[in-house]
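A.B. asks:
Residue numbers (the working numbering): 1471 to 1719.
(1) Tell me, which residues are paired with residue 1619 by DSSP?
(2) Which term fits residue 1704, buried or exposed, when burial requires 16 or more other beta carbons within 10 angstroms of its beta carbon?
(3) At which residue ranges does the stretch 1630-1666 contain complete beta strand (DSSP E) runs of 3 or more residues, listed in the order of the chain?
(4) Label residue 1517 either buried or exposed according to how many other C-beta atoms from any shown protein chain fall within 10 Å of its C-beta, with 16 as the threshold for buried.
(5) Please classify residue 1471 as buried or exposed, where buried requires at least 16 neighbouring CB atoms within 10 angstroms.
(6) Which one or two residues does DSSP pair with residue 1537 in a beta bridge?
(7) For residue 1533 and residue 1501, I'd like the C-alpha separation in whole angstroms.
(8) Which one or two residues does DSSP pair with residue 1472 in a beta bridge?
(9) Return helix, strand or coil for residue 1603, following the three-state DSSP convention.
(10) Rounded to a whole number of angstroms, what is the C-alpha to C-alpha distance between residue 1560 and residue 1606?
(11) Whole alpha helix (DSSP H) runs in the stretch 1481-1516 with 4 or more residues, listed along the chain?
(12) Identify whether residue 1589 lies in helix, strand or coil by the three-state DSSP scheme.
(13) Sort out for me which residues DSSP pairs residue 1707 with in a bridge.
(14) Would a C-beta distance cut-off of 9 Å place residue 1638 and residue 1595 closer than the cut-off?
(15) Please state whether DSSP places residue 1557 in a helix, a strand or coil.
(16) Using 9 Å as the threshold, is the C-beta distance between residue 1687 and residue 1698 below it?
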C-alpha cells in the first residue's frame, strides 16, 4: 500500500513498516499500535492509515495512533471464532464510508456512527475475509465458511457451496476492468462471475494449484493469481504457471 508521499506500507506479524525509498521504519505496540499482528492496511481519501489487527483497528495520521473501537461479541467456540475484533479486511467505498470485514460480520463507519450487517440480515457467514464494492455499487463479501454474498443495498444474494460454487472458504475478491468478479475458493480453484454465470478455473484449465490467495489485473488486462504453489497468469480462458524461463514477454 502506497501513500501520497510515495511511501510504501507493509503489514506484518511484527507491526507495520514504512519504506520511503531509502530506509525502513517499523511501528509496533510500543508506538501505540493496538496489536502487532496486522492483517490489513488501507489509506483513506483523507490520508489516514487504517490498520486491521487481531485485536481491532488503529488509525494513524503519520504521527499518532488512535484506537477505533469495535463491539466485542460473545465468543462462538462452536465455529472456532474467538473474537469479533479480528479484522481481516478494510475498504473505503465510493461514498467515503469505511467497511471492516471481521469475525462478527461486516461493520460500516460513515464518519459518525458504526453499523453492522451479519447473518441475521442475510449475509451467508459472519466470518468476513474480504469486502469489495463493484462498479455498479454492489457490495461483495468473501467469507471463511460459506462462500460469497452480494448486497445491493436492500437484499443479499448468496453464492454458497450448496448452491453455486464448490468451496466455502474464500479469502479475496477482485473486479477486473470488464466488471467480472473473481475469487478463489479453497480447494476448487478460481471462479469468474460475469453478471450471469460462473466460470471455474481449475487443474484442467491449467491451474496447478487450487490454493489461490490473491488476484490482480495488470495494465494489459492479464490476470495474475498468487497461491501456495507460486504464481499463475490467466489469459482469457487459459491459465499457466509463471516459471523463471517464461512463457511471457
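Where a beta carbon is used, it is the ideal one built from N, C-alpha and C, also for glycine.
C.D. replies: Working from what's here:
(1) In DSSP, residue 1619 forms a bridge with 1611 and 1628.
(2) buried
(3) 1651-1654 and 1660-1663
(4) exposed
(5) exposed
(6) 1528
(7) 10 Å
(8) 1478
(9) strand
(10) 19 Å
(11) none
(12) helix
(13) Paired residues: none, contrary to the question.
(14) yes
(15) strand
(16) no
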